[in-house]
Amino acid sequence: MLLPLLVMLSAIPGQAVYLEVPGAPELEAVAIEFKGQKLALASSDDGWFGLIGVDLDVAPGLYPVTVSYNPADDEPYTEVIDMDVMVKEYPTTKLEVAPKYVELSAENQQRAAADRKLINEAYSKTSPEPYWQGVFLIPVNGVTGGRNFGHRRVFNDQPRAPHSGADLTAATGTEIIASNAGKVVLTGDFFFNGLAVFVDHGMGVLTMYLHLSEISVSTGQMLRKGEVIGLAGATGRVTGPHLHWGARVGGARVDPFSLPGIPAEEVLSP
Ligand SMILES: [Zn+2]
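Residue 417 is where the sequence shown starts when you use my numbering, and the numbers rise one by one after that.
The structure is reproduced here in structure tokens:
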């Protein structure tokens, strides 16, 4: 049995990559492995689909993607295709600031570490079933800009972690919506992130909404696509109100604007 299979894939660091394998009635399961991410694809009327994430820090080059097919009445078989990770230079800004803005007290370092632990636990709670469906929505109505994912800042010659989300313009009190259907896996008030909501969309896909002024959902709650989850604000370590919208796919930090269905940048900002 031969199927029309995937050809070579290409992506830039920080990209969510949509995979689709044409349907074949004889297949019972299709699974993907890429850089330690293991994903069972979901079935739809058209075939099998899922997302894999190319982390922001992946070096350019060719990486194997193993596709495993499980036919109902035949031996399982695998196919290896290449993922071509291309070069992407994200902008770097150098800033000189007073040390108090870059140095954390021991107490705040402790708080940030405790936050990090909780957040990493939330990332690991992704459902194997897809909650997400179709296109993802930009979580602030009418806003299309905020494409600063991956930007690097160097404070007083010390490079910081690259920006792992997109900062969307949003005045305090602006309604923030869930980008897709999902389950709230964590809410709280965090040192860097302020009031924040973390949503699992299933199959390794999570989105997060930071610096809110108000949270209107609770952990464990199922969300419809477009449901209001809270209001924009300026909580946490920020200089003004905006929404930091982040996404993880298979644990990789990806640009939320690379999720399926979001128009390309050039379409939005001439
Ligand atoms: Zn941000």
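Glycine is no exception: its CB is placed at the ideal position from the N, C-alpha and C atoms. Fair warning: this is a prediction, and the values are worked out from it, not measured in the lab.
query: Once you ignore the five residues that flank Ala456 on each side, which residues in its own chain have a CB closer than 7 Å to its CB?; result: Ala445, Ala447, Pro544
query: Please say whether Gly610 and Leu626 have beta carbons closer to each other than 8 Å?; result: yes
query: Out of Lys510, Pro480, Ile593, which has the shortest C-alpha to C-alpha gap to Leu553?; result: Ile593
query: Would you tell me roughly how many angstroms separate the C-alpha atoms of Pro686 and Pro676, rounded to the nearest one?; result: Confidence at Pro686 is low in this model, with a pLDDT of 37, below 50, so its placement is unreliable and no value can be given for it.
query: Could you check what DSSP says for Ala475 in three-state terms: helix, strand or coil?; result: coil
query: Using a Cβ-Cβ cut-off of 6 Å (strictly less than) and excluding sequence neighbours within five positions of His617, which residues of its own chain qualify?; result: Tyr547, Trp548, Asn596, Gly598
query: For Glu682, does the count of other Cβ atoms within 10 angstroms reach 16, so buried, or fall short, so exposed?; result: Annotation note: pLDDT 47 at Glu682 (below 50); position unreliable, coordinate value reported separately. When all chains shown are included, Glu682 counts as exposed.
query: Could you check where the alpha helix (DSSP H) with Arg527 kicks off and where it finishes?; result: 522-539
query: What's the call for Pro672, buried or exposed, on a 16-neighbour Cβ count within 10 Å?; result: buried
query: Helix, strand or coil for Phe450? Go by DSSP, reduced to three states.; result: strand
query: With 16 other CB atoms within 10 Å as the buried threshold, where does Arg669 fall?; result: buried
query: Classify Ala577: buried if its beta carbon has 16 or more other beta carbons within 10 angstroms, exposed otherwise.; result: exposed
query: With distances taken from each beta carbon to the nearest heavy atom of ligand 2, which residues come in below 6 Å, in chain order?; result: Ligand 2 is absent from the structure shown, which contains only ligand 1.
query: Considering only DSSP beta bridges, list what Ile631 is partnered with.; result: Gly646
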